[in-house]
Amino acid sequence: MPAKFQVFRGQGLSMEVFEKMKKTKGGLMSFNNFLSTSRNPEISFKNFAQPAAFNTNAVGILFIMNIDTAICTKSSTTFAE
4 MPAKFQVFRG
14 QGLSMEVFEK
24 MKKTKGGLMS
34 FNNFLSTSRN
44 PEISFKNFAQ
54 PAAFNTNAVG
64 ILFIMNIDTA
74 ICTKSSTTFA
84 E
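Note that our numbering gives residue 59 to position 56 of the sequence shown, counting from 1, and the numbers run on in steps of one.
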């Protein structure tokens with residue numbers, strides 16, 4: 004596995020959650036669930052983000068995550084319920 008790589012996650016969000024998320028742009032985000040990702044953006048977009056377009060109260064999101072394994076192994080950021 005390369006030291007740095009990119010993964011994608013498509014997801015449908017309610018408009019309310021999307022508006023809150025826009026305010027955190029550039030900040031740290033945590034997810035309280037398992038994140039299924041793909042290295043192929045088309046898979047993430049077509050299978051998970053695009054279907055939200057059929058719901059007028061939702062928006063499709065394509066998360067682009069840049070992973071640096073050097074940082075991941077040294078991280079001191081913890082998550083607790």
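Note that beta-carbon positions come from the ideal geometry of N, C-alpha and C, so glycine has one too.
Along the chain, where does the beta strand (DSSP E) that runs through K7 open and close?
Numbered from its first residue, the sequence shown carries residue 7 at position 4. Segment 7–17, the beta strand (DSSP E) holding K7.
Nearest CA to the CA of A52: which residue from R12, K25, S33?
As a first step, residue 52 must be located in the sequence shown, where it is residue number 49. The shortest Cα separation from A52 among R12, K25, S33 belongs to R12.
Can you check which of these residues, N58, E19, K26, S39, is closest to F66 by C-alpha distance?
Residue 66 sits at position 63 when you count from the first residue of the sequence shown. Taking only the C-alpha atoms, the option nearest F66 is S39.
Where does S33 fall in DSSP's three states?
Working through the sequence shown from its first residue, we reach residue 33 at position 30. Note: S33 maps to coil in three-state DSSP.
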